[in-house]
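Student:
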Amino acid sequence: MPRRVVSGLDVTGMENFAAWIHGDGTAARYGGTPVGLPAGAGYAVGNRLVDAYLEATGRTAPEASLADSRDVIETAPRASPAVPHPASGRGPVRG
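Residue numbers (our numbering): 10 to 104.
1) In whole angstroms, what is the alpha-carbon distance linking ALA85 and ALA61?
2) Measuring straight from C-alpha to C-alpha, what distance separates THR42 and VAL54?
3) Could you give the distance in angstroms between the alpha-carbon of LEU63 and the alpha-carbon of TYR39?
4) With DSSP run on the structure shown, which of helix, strand or coil describes THR84?
5) Quick one: give me the first and last residue of the alpha helix (DSSP H) that ALA70 is part of.
Pasting the structure below:
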């Protein structure tokens, strides 16, 4: 499951928000295009990414709140094998 969300990390635009963050049910309810995700999948993977980033950098959440998103996305997969790298999709998926 996380690989599907990670594959959409470069997707932009508010029209895509519901599907990638809230899941297909919400996307369909508001006229969006489903992308194959259950409710809350984006939040769960986002939480894993941030946790891995904080662990790798030793920063606290407040310290990292202004971090560049690209830095978080590039750092987290190297720090945690549970988070596949967005470019390759490689890495074991836990949970």
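In this text, a Cβ means the ideal position worked out from N, Cα and C, and glycines have one as well. Only a predicted model underlies this, so the values are computations on that prediction, with no experimental measurement involved.
Tutor: For this structure:
1) 5 angstroms
2) 20 angstroms
3) 34 angstroms
4) helix
5) 70-73
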